[in-house]
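For reference, the structure discussed in these notes is given below.
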Amino acid sequence: RQLKKADEISTEITVQMPEPSHRRNFSMLILHLIQCPDMDYKELIDMLEFGKYKLVPNLLRNFLTEMEGFTQKEVGSLMDTILNLGRLLIDPISLVNKSSPIGVYLRRVMLFFDKLNFSQTVSLYRGFQHYVLRGRQRQMDEVKCNLFKSSPSPPSPLASTSMMDLSSSMEQTSCSIAQDMERVRIDKDETLEEAPALWSRRQAELFIARQTAWLQNNESCALPPPQLQDVIRQVIQANPEHFEAHYLSYLNCLRVKELGGAIDSLYHYFDRSTATSQDKEAKGYRYAALNLAILHAQFGHKAEALAALREAIWLSHEVNDNICLQHAQSWLYKLTEENKEILMERSISKCSDLSLNYLTSLGLQSFAQFAGTTGGKPALVFEVLMRSDVLNCQFSMMDLMAHSFTHKAALWTLYGKSDMASLSSQLLLHLDTADSLQG
């Protein structure tokens with residue numbers, strides 16, 4: 001009888017399938033939420049309402065209604081929600097494929113939930129209530145702040161009446177939030193606390209890879225230095241063994257010329273990366289010395305940089321690491337004035353034999369700059385730059401291609417050819433460094 005009644009109810013329900021564009025946006029939104037770290041409830045609502053992949057209005061309204069009712073119920077509502085997720089995956093006409101990224105994520109959520117005992121389940125529910133109510137409180141505080149900012153002058157009687165109505169409704173909502181917080185025994189000071197974000201290892205790896213690539217290629221896309229440093233602290237707190245976060249902190253300190261923080265982050269990175277390496281001849285020691293030399297060179301500490309370079313060269317000779325050795329040699333001829341020409345020629349020749357194309361092109365440009373400033377023949381100087389341009393075009397090294405135009409403009413200015421210098425400058429301005437194929 002119950003099955004017959006359920007069949008009758010299911011036949012009366014008509015499911016309105018969303019449009020393909022809405023389904024695609026919803027899938028992209030869910031994938032983004034799975035990959036990104038935990039965020040504040042207000043940030044979540046802003047993303048659902050105004051983000052790139054915003055929800056359909058009806059779906060967003062239903063979600064807000066569910067969250068409103070979820071905070072007013074007991075722990076059984078959380079258990080019912082997890083139970084409904086399981087039914088969603090085994091339903092004959094399932095809207096979610098259990099093998100899809102969303103299905104795999106939901107199965108992991110149910111698996112972890114099944115491992116919790118009752119006290120842990122209650123704590124999880126209280127924490128979720130805390131999370132939602134704190135976000136609603138922040139929303140109300142922001143609305144009040146915007147309301148007072150938007151009315152600096154004395155309002156008209158009609159506007160005053162509407163503002164009083166809005167204020168009364170806001171006060172009622174605030175009272176409701178306060179009652180909910182009192183019901184779940186959350187102190188006022190506790191509601192204003194910011195809970196630390198939880199980062200999985202995959203989320204941390206994705207964030208670090210993106211921010212590192214932006215810092216190295218397009219710094220304007222990266223987070224501001226203070227905000228990035230706060231996020232790095234959260235990542236390290238959630239994943240202490242994730243040593244790549246220390247390297248990102250090192251790059252962030254270089255942005256703001258903070259020597260102490262950069263050195264500490266560099267030491268932490270190589271200490272942890274070397275400790276986790278199983279290679280007896282670990283690269284960490286020699287590359288740590290090389291990076292330390294680069295750091296001191298960028299801050300103008302020539303003696304410290306040369307000392308670290310000598311250590312890197314000595315360690316590279318011990319294990320016959322030619323790649324690290326040539327990187328160290330390329331910095332050596334930049335920092336020393338003795339036998340500079342001989343060091344450059346040897347470095348360029350060895351890098352060419354080892355197919356280190358970037359170092360070869362960089363060495364050719366450095367040699368052209370040295371020859372131009374020391375009275376070398378102009379024909380020889382531009383021939384060397386032409387060899388660098390060939391490598392840059394063959395291997396799509398756009399940054400070195402831009403450097404080559406800069407060198408040419410400076411050299412033509414040095415030789416008194418303003419027209420050719422202007423031409424090189426115009427070519428540099430029209431160079432599309434973002435596209436490695438077209439340039």
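Numbering-wise, the sequence shown is residues 1 to 439 according to UniProt numbering. Idealized CB from N, CA, C, for every residue including glycine. Bear in mind the structure is a predicted one, so any value in this text is a computation, not a measurement.
Alpha-carbon to alpha-carbon, residue j and residue i
i, j, result
"Lys42", "Asp264", "35 angstroms"
"Leu166", "His296", "Per-residue confidence for Leu166 stands at a pLDDT of 44, beneath the threshold of 50, marking its modelled position as unreliable; no derived number is given."
"His317", "Leu325", "7 angstroms"
"Ser424", "Met398", "15 angstroms"
"Glu378", "Thr360", "The question names Glu, yet the displayed sequence has Pro at residue 378. About 20 angstroms."
"residue 517", "Tyr125", "Examination of residue 517 is not possible in this model, given that the chain is present from 1 through 439 alone."
"Glu311", "Ala293", "9 angstroms"
"Phe395", "Lys340", "27 angstroms"
"Thr373", "Arg346", "20 angstroms"
"Cys393", "His301", "35 angstroms"
"Leu411", "Gln35", "49 angstroms"
"Thr121", "Ser330", "59 angstroms"
"Gln72", "Glu219", "45 angstroms"
"Glu66", "Gly135", "15 angstroms"
"Asn25", "Gly261", "41 angstroms"
"Leu33", "Trp199", "12 angstroms"
"Phe113", "Tyr247", "35 angstroms"
Opening and closing residue of the alpha helix (DSSP H) in which residue i lies
i, result
"Gly69", "57–70"
"Trp214", "201–217"
"Tyr415", "First-last for Tyr415: undefined, no H or E at that position."
"Leu332", "322–335"
"Gly86", "75–90"
"Leu48", "41–50"
"Phe395", "378–395"
"Ala297", "284–298"
"Phe26", "20–35"
"Glu351", "With the sequence shown as reference, residue 351 is identified as Cys, and Glu is not the correct amino acid for it. Per DSSP, Cys351 belongs to the alpha helix (DSSP H) from 340–353."
"Thr373", "357–373"
"Val96", "It is not in any alpha helix (DSSP H) - Val96 carries neither H nor E in the DSSP assignment."
"Leu248", "244–255"
Burial state of residue i (16 or more Cβ within 10 Å)
i, result
"His327", "buried"
"Lys283", "buried"
"Gly363", "buried"
"Ala159", "In this prediction, Ala159 has a pLDDT of 47, which is less than 50 and means its spatial position is unreliable; nothing more can be read from the coordinates."
"Ile342", "exposed"
"Glu298", "Glu is not the amino acid found at residue 298; the sequence shown has Gln there. Looking at its Cβ environment, which holds fewer than 16 other Cβ atoms inside 10 Å, Gln298 is exposed."
"Lys408", "buried"
"Trp314", "exposed"
"Leu414", "exposed"
"Ile102", "buried"
"Ala245", "buried"
"Gln216", "exposed"
"Phe270", "buried"
"Asp389", "buried"
"Gln137", "buried"
"Ser366", "buried"
"Ser249", "buried"
"Gln426", "exposed"
"Leu266", "buried"
"Val235", "buried"
"Cys351", "buried"
"Phe118", "exposed"
"Met386", "exposed"
Closer than 6 angstroms: residue i CB and nearest the ligand ZN heavy atom
i, result
"Leu309", "With respect to the ligand ZN, the structure offers nothing, as it holds no ligand at all."
* Within the chosen definition, does the stretch 422–432 reach the stretch 402–411 through at least 3 CB pairs nearer than 8 angstroms? -> yes
* Report yes or no: do three or more beta-carbon pairs, one from the stretch 43–53 and one from the stretch 208–220, lie closer than 8 angstroms? => no
* Asked: Is the number of C-beta pairs between the stretch 50–63 and the stretch 218–231 that are closer than 8 angstroms three or more?
  -> No: the two stretches stay apart, fewer than three of their Cβ pairs being nearer than 8 angstroms.
* the stretch 234–241 / the stretch 253–262 touching (three or more Cβ pairs under 8 angstroms) -> no
* To do: Count the C-beta pairs between the stretch 48–57 and the stretch 23–36 that are closer than 8 angstroms, then say yes if the count reaches three, no if not.
  => yes
* Would you be able to state if there are at least three C-beta pairs under 8 angstroms between the stretch 135–143 and the stretch 75–91? => no
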